[in-house]
């Protein structure tokens, strides 16, 4: 969705799976709307979200990225994500058969470079206590990874990383 | 404070200023106590903290790193930091003349590889509303920088970066 493609070195995108490329585009898109993101956050044991976004007013959105019909149909866990966010979205590419998706979920059409909200889902606001916990989880997740990026020599214990 | 020195490539530490090396050690030390950190966060206009730490129970600590007597004596802003954290610490190296420091502040003796708390300051708990704001600022600060690290091609607007 931009001419940035020319700026990417082939090795980066070649190494990323289709779902990761969608997540990259979704994160760029959300940041342009002032929502910051992390990938692969674990809200609770057994769940791992593709993209979790934090909005300027503390909104929590979850975006699951599906690269194909099979990828979507094999996901048996997505309903478990609903209770951890104010709004839930699917992100798929322009070729995805969107009629498969539940029509009360949010829908983002994306590629590696950006995206667009095609359907804004209703908001189901998190309770204040859970929002507090989630924002703190988000903060720790982002900070630990950013720490590893700015100081590759830092040591991690298993408990800190989650 | 460890034999990790041998693992560091000389070019990284050569490029860092003494205060940045202290901040690196402080961040490693704090992570070993389950406090995650960011550097250079701006709690409010005109203030920029060396290290802000978020503890497992939502504690907010600020650590100012001083590499020399002159570095400490030129800091006219540090009292402004107190209202943005539960505890405030100085971090200095083992050669610093610690008698210069106010003795009700916290004190961490650090080097590039780690540190140790020499004096734990009293806690002045943030009000709940301010803690909420600070944790959200911390989350956004960390997430935007982690985003830039995982996707160097992402674009930043000036407002998102702060």
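Chains as they are written, first to last, in this note's numbering: chain X, 1 to 162; chain H, 1 to 162.
Cβ coordinates follow ideal geometry from the N, Cα and C atoms, glycine included.
- When the five nearest sequence neighbours on each side are left out, the beta carbons in the same chain lying within less than 7 angstroms of the beta carbon of residue 77(H) are those of 47, in order along the chain.
- From the listed residues 144(H), 35(H), 112(H), 119(H), the smallest Cα separation to residue 93(H) is found for 112(H).
- With a cutoff of 9 angstroms on beta-carbon distance, residue 54(H) and residue 138(H) are scored as near each other.
- Under a 10 Å Cβ-count criterion, residue 41(X) is classified as buried, with 16 or more other Cβ atoms of the shown protein chains found around its own Cβ.
- The continuous alpha helix (DSSP H) containing residue 129(H) extends over residues 128–150.
- Counted as a single uninterrupted DSSP element, the beta strand (DSSP E) harbouring residue 106(X) occupies residues 106–110.
- Interface flag for residue 138(H) against chain X is set, since a Cβ pair is found closer than 9 angstroms.
- Taking all protein chains shown into account, residue 126(H) has 16 or more neighbouring C-beta atoms within 10 Å of its C-beta and is therefore buried.
- Boundaries for residue 122(X): no alpha helix (DSSP H) harbours it, and the DSSP string shows neither H nor E there.
- If you draw a straight line from the Cα of residue 56(X) to the Cα of residue 99(H), it is about 43 angstroms long.
- The Cβ atoms of residue 128(X) and residue 36(X) lie no closer than 9 angstroms to each other.
- Sequence-distant Cβ neighbours of residue 135(X) in its own chain, meaning closer than 8 angstroms and more than five residues away, are 54, 58, 60.
- For residue 16(H), there are no C-beta contacts with chain X under 7 angstroms, since the nearest C-beta of that chain is about 10 angstroms from it.
- By the neighbour-count criterion, in which a residue is buried when 16 or more other Cβ atoms sit within 10 angstroms of its Cβ, residue 102(H) is exposed.
- Chain-ordered, the chain H residues with CB closer than 8 angstroms to the CB of residue 151(X) read 24, 27, 28.
- DSSP, read as helix, strand or coil, puts residue 96(X) in coil.
- Between residue 96(X) and residue 68(X), the alpha-carbon positions lie close to 6 angstroms from each other.
- If you ignore the 5 residues before and after residue 118(H), its C-beta comes within less than 6 angstroms of the C-beta of 107, 109, all in its own chain and listed in chain order.
- One thing to note: residue 43(X) has its Cβ within 9 angstroms of the Cβ of residue 81(X).
- For residue 37(H), the beta-bridge partners assigned by DSSP are 53(H).
- Apart from the 5 residues on each side of it in sequence, residue 120(X) sits with its Cβ closer than 8 angstroms to the Cβ of 87, 106 in its chain, given in chain order.
- The beta carbon of residue 91(H) sits closer than 6 angstroms to those of 22, 26, 63, 65, 108, 110, all from its chain and outside the five residues before and after it, given in chain order.
- Residue-level contact by beta carbon holds for residue 32(X) and chain H, with a gap shorter than 9 angstroms.
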